[in-house]
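Numbering (this note's numbering), first residue to last: 2 to 243.
Ideal placement from N, C-alpha and C gives every residue a C-beta, glycine not left out.
Note sheet for the following structure.
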Ligand SMILES: [Fe+2]
């Protein structure tokens, strides 16, 4: 088991989005995370216009409650507050004014694009976020058609200063063979910076970094598993470059 993993994308706060519904769900998810070897989690409730618009102070309250639940699960399970931000025109202003919409108070921003967003529009937004002094992490790139069609686009984003996240479920094949093959290729080509669970519950979209770590070690070696699941996300929390 790979102990000390850091999950940087997880919908575990109770009752704020389509993730955990109740504190009991939250606690069950935290237990699964811990049993699989996760020791730090950046919780990332959705922020998406007309869909998930929970005020930041409500989120913060749910976060404090969740931290207490984590303490009950294990003394060395650390939680940080983050956000999965679905792009809007005013997001850079919001990011500047509210640390709670960023990742663990750092300059990193977990940025979600529509699956149909063109590469041009992604590049434009990434550039805007960078110009404001933040570091975008493109969430689950395997869902972005504008990126999945042409993996060399990922190199361009990385050269600009963006980071690339994929979901563990996609890596281990739960989202189909094509997606799995795509993830395998971009991991092999070192185009991925972070792999995270994007967990929403304990069943269909459950914490799964344990299975993912096993898969990565087997296919790419222990060093790759460690880099993507411990080293890089640790740098994120420290606000260092990955
Ligand atoms: Fe998510």
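query                                                                            : result
The region 213-231 / the region 5-25 touching (three or more Cβ pairs under 8 Å) : yes
Residue 176 Cβ short of 7 Å to ligand 1 heavy atom set                           : no
Cutoff 8 Å: residue 40 Cβ touching any chain D Cβ                                : No chain D is part of this structure, which consists of one protein chain only.
Near ligand 1: residue 45 beta-carbon under 7 Å from a heavy atom                : yes
Best match in 47, 222 and 172 for proximity to residue 112 [C-alpha to C-alpha]  : 47
Cβ neighbour criterion (16 or more within 10 Å) applied to residue 34            : buried
Any non-hydrogen atom of ligand 1 closer than 7 Å to residue 8 Cβ                : no
Assigned exposure category for residue 147 - 16 Cβ within 10 Å defines buried    : buried
Pairwise C-alpha distance: residue 79 and residue 123                            : 32 Å
Residue 176 - containing alpha helix (DSSP H), residue span                      : Taken as a continuous stretch (DSSP letters only), residue 176 belongs to no alpha helix (DSSP H), as it is neither H nor E.
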